[in-house]
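All letters in the sequence shown, in the order written, are residues 2 to 677 by our numbering.
All C-beta atoms in this analysis are idealised placements derived from N, C-alpha and C, irrespective of residue type, glycine included.
Bear in mind that the values here come from a model prediction, so they are computed numbers and not experimental data.
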Amino acid sequence: MTIPKQQIGKRAQTLNTFQRRNVLLAILVVGFCLVIWQTAQLSYDFFLHQTQAQSRQSLNLYAQNLRRSLERYEFLPSLYANHASVAGLLAHPESPEFLAQSNALLERSNRLTGSSNSYLLDTKGITLAASNWDQTSNFIGRNFSSEPYFKAAMQGRLGRYYAIGSGSDERGYYFASPVRRDGIIRGVVVAIVGVEAIEDSWWTTGRNELFVTDDNGIIFISSRPGWRYRRVPATKSSDAGQQINEAAAVAVQSARYNQAAITPFNLVYGRNLKTGGRVVQIAPFDDTEADFDAPEPDSGAQMVQVGPTTDSLPNYRGSRTENYLLQNLQMRELGWTLYFLADISTIPRQTATVTILVGVVLIALALGSGFWIQRRRNLTQRAELQQQSRVALEAAYGELETRVHDRTRDLVESNRMLQDQIQERRRAEQELRQTQDELVQAEKLAALGHISAGISHELNQPLTAIRSFSDNARKLLDRERFEDVHSNLGLISELTGRMAQLMKQLRTFARNAPAQKSVISLQSVLDRTIEVLQSRIDEMSVKLEIGNNTDVQVFADELRLEQVLGNILGNALDAVTSCENPLITIQVEAVGQDVTLIVRDSGPGIPAHHINEIFDPFFTTKDVGQGLGLGLSITYGIVKDFGGSIRASNHVDGGAVFTLSLPRFDEQLQQERKAV
Ligand code: ADP
């Protein structure tokens, strides 16, 4: 089987369209994924950089705050140093007055400035006076010569040092200042500032964290107590101040942090931001950090988990890996590094929100574009279809017009032919009528001859009889036989009556005036007709049977109908003359819009060969003087004139039957007719 080229082309085209659509769809999906991925990246970076900028500001603020908190105490030792009682005590260590004055000074100023302790050392590092002189564990007499701050002060510098007080277990920052007299250092005044208060103020940082490391990278001030005394791991690119000197750290830890265990800080460095800061991960500590960091009642924020999680502790900080953005600031004058950890746990959620939004917008755009493209395609297709159907319509219209033109031409032609035919028929009709008229004329002439013969025959006989009766009457008058004259005159009168009757018939036949139709009762017409014929009926002892329902109304001319009925019944009486039991039956039937009157007699009936002639004028089987043969002919004309009909037949049981049909008049029928 061979596939037509056109079909192959079509299939290939469909395949191409299908493939092209698939490729386009794949490109769209890949593009969508790329855009979503890029959006996620960009928005994550955006939020990260925003956090970075905000946390950098916070970091600077905290640093300023820290600096200001400590600066307040910086000049405190030098103030003490210039005091007379301090100088006096250093000059006279045994003087109880100077001792009391110095103790009171240190205690008072300590109270006023909020420092935790202040004390005066001699050049050997022995405490001469202290703000806590009245406490049992006071510093007086204690030797602090090994302390770095003492050594620094003895070298003429301002000694600064962070440590846990060996006597009080208190974390503090030590300021030491030399007391000079005549340019020679006579002693050292020390002021300790507690850092608990600073830490307390940091609790307000919410989900962000803050800590300070010393020059060995060991955390000693922290918003998270559990992070204290942990060593921050060094980064490859870390600043010099962050370099961990393992040996030094080990060396100082026992002395400085009062034998506190220095543990590692589970901090893993992540990516570096160009604008500063670094993403870090802090894994949970397997030691006591969680205990330090009990769930915070204030913190309603839910942490987003990054890394290993403990689902059962959703708000439990320190029990899971946390992600932060780390930024630090070196405070060289203090020898510290301040770290700010900005919480970035919400960034994935924000990123997801933005990405979903973009995705939704993109999908909406894609759907909208798809819808728009589809709509445009539909519109184009519709326009094409419309164009096609318009062209088809125009073609069909043209075709139709041609056909109509052709058909009309035929029609016009046939119309013309029809008109010709009508003309022809009219002419033929006219000719026919003319011929008929001529024929009628000829017939009339023939009939006239016939009539003349008949009439002359009919009139001759009575005329001859009248003459002879008149001659006789004269003779009888002469003989004065008045009785016989009277009788003769009676016979003459009778004969003239017959002649008048004959003339009347002829007149009726000749007259062709239109009938004066009206609504008349058939019963009354029938009654009058019978009344006229009654003497004959009685004379002949004819039995007349009339049906019941003769009480109907017909639309006819009363006198003429009487004439019709008189003719039919007269003929019937003539027919039954020689019958043994003469019988005439009259039946009336009103069926539908017609009234049918049936007259049957018991006579010999109409001979079959005459049955078609009896309505012809001058057809008669009667003897001369008995009939002119005009009765039925006149009857036929009158009935036709009424809009009815008459027909003659023979009954199977013998006798002639005349069926006369007349238009019935019925009011209801009439109204119905009008309504139609
Ligand atoms: P006429 O009575 O003068 O002969 P009609 O026209 O009345 O003329 O009748 C024509 C003929 O029809 C009659 O001569 C007769 O032969 C025939 N005819 C009419 N009525 C009857 C009838 N009831 N029975 C038999 N023949 C009839």
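Open item on the list: Looking at Pro97: is its Cβ nearer than 8 Å to the Cβ of Ala177?
Closed with: no
Task: Nearest-angstrom Cα separation, counted from Glu148 out to Val189 - done: 12 Å
Task: Presumed contact (8 Å Cβ cut-off) between Leu663 and Phe643, rounded CB distance - done: 6 Å
- [ ] Mind reading off the beta-carbon distance from Val180 to Ala88? Whole number of angstroms is fine, and I expect it under 8 Å.
- [x] 7 Å
TODO: Rounded to whole angstroms, what's the CA-CA distance from Lys152 to Leu121? Just pull it up for me.
DONE: 14 Å
- [ ] Throw me the rounded Cβ distance for the Leu119 and Val191 pair, which I believe falls under 8 Å.
- [x] The residue asked about is misnamed: residue 119 is Ser in this sequence, not Leu. About 7 Å; that satisfies the 8 Å criterion.
- [ ] Give the secondary structure of Lys125 by DSSP, where H, G and I count as helix, E and B as strand, and everything else as coil.
- [x] coil
Open item on the list: Please return the same chain residues whose Cβ sits closer than 7 Å to the Cβ of Thr530, not counting the five positions on each side in sequence.
Closed with: Glu563, Leu566, Gly567, Leu570
Task: Where Phe556 falls: helix, strand or coil (DSSP) - done: strand
- [ ] Measure the alpha-carbon distance for Gly450 versus Asn550 and round it to whole angstroms.
- [x] 45 Å
Open item on the list: For the structure I just gave you, are there three or more beta carbon pairs, one from the segment 641-655 and one from the segment 534-546, closer than 8 Å?
Closed with: no
Open item on the list: Quick check: the Cα distance between Arg272 and Pro234, rounded to an integer number of angstroms?
Closed with: 15 Å
Task: As assigned by DSSP and simplified to three states, the class of Val36 - done: helix
Open item on the list: With H, G and I counted as helix, E and B as strand and the rest as coil, what does DSSP make of Ser117?
Closed with: coil
Task: Cβ pair count under 8 Å reaching 3, the segment 80-94 against the segment 43-62 - done: no
Open item on the list: Is Asn550 close to the ligand ADP? I mean its beta-carbon at under 7 Å from any heavy atom of the ligand.
Closed with: no
TODO: Determine the DSSP secondary structure at Ser59, reduced to helix, strand or coil.
DONE: helix
Task: First through last residue of the alpha helix (DSSP H) which encompasses Arg529 - done: 523-541
Task: Within 8 Å, strictly: CB atoms of Ser579 and Gly655 - done: no
TODO: Give the DSSP-derived three-state secondary structure of Phe286 in the structure shown.
DONE: coil
Task: Ser650 - containing beta strand (DSSP E), residue span - done: 646-651
Task: Environment of Ser519 [buried if 16+ CB atoms lie within 10 Å] - done: exposed
Open item on the list: Please classify Gly115 as buried or exposed, where buried requires at least 16 neighbouring CB atoms within 10 angstroms.
Closed with: exposed
Open item on the list: Quick check on Gly630 - is its C-beta less than 8 Å from some C-beta in chain D?
Closed with: The chain labelled as chain D is not found in the depicted structure, where only one protein chain is given.
Task: Opening and closing residue of the beta strand (DSSP E) in which Gly218 lies - done: First-last for Gly218: undefined, no H or E at that position.
Task: Span separating the alpha-carbon of Leu26 from that of Ala393 - done: 38 Å
Open item on the list: In whole angstroms, give me the CA-to-CA distance for Tyr398 and Ser370.
Closed with: 40 Å
Open item on the list: Residues in the same chain with beta-carbon distance under 7 Å from Phe33, minus the five sequence neighbours each way, listed in chain order, please.
Closed with: Leu363
Task: Outcome for Met155 when other beta-carbon atoms lying within 10 angstroms are tallied against a minimum of 16 - done: buried
Open item on the list: Suppose the cutoff is 8 Å on Cβ atoms and the five residues either side in sequence are ignored; what does the same chain contact list for Asn582 look like?
Closed with: Lys544, Ser603
Task: Neighbourhood of Arg231 by C-beta, 6 Å cutoff - its chain only, sequence neighbours within 5 removed - done: Ile220, Thr264, Phe266
- [ ] Run the proximity test for Asn572: is its beta-carbon closer than 7 Å to any non-hydrogen atom belonging to the ligand ADP?
- [x] yes
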